[in-house]
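Residue 32 in UniProt numbering sits at position 32 of the sequence shown, with consecutive numbering throughout. In this text, a Cβ means the ideal position worked out from N, Cα and C, and glycines have one as well.
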Amino acid sequence: MLQTLHRLQARSGDGERGASLVEYALLLALVVFVCVGALTYFGTENSTSTDSSGSCIKAAYAGEALPAGCD
């Protein structure tokens, strides 16, 4: 029985432990995918909000009537 366990351990890659390069690459790909998705989603909303705020500030400094949405 003990000899069988030793043979199985020898076949399993010299007892290597931990994550392999492939697993790290998959994890990195997942992180990149999530980050790109978040930047795409929040970037569009942030750009719209920033443009709106810029228009309000520009109109306020110029003494013009404030555009719709400026509170």
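Coarse secondary structure for residue i, derived from DSSP in three states
i	result
Glu-64	coil
Ala-59	helix
Gly-69	coil
Ala-38	helix
Gly-18	coil
Rounded C-alpha distance that separates residue i from residue j
i	j	result
Glu-46	Ser-52	Residue identity differs from the one stated: residue 46 is Asn in this sequence, not Glu. Distance between the alpha carbons of Asn-46 and Ser-52 is about 10 Å.
Thr-48	Ala-25	34 Å
Cys-70	Ala-38	27 Å
Val-36	Leu-2	51 Å
residue 76	Ser-20	Because the chain in this structure spans residues 1 to 71, residue 76 falls outside the shown range and cannot be described.
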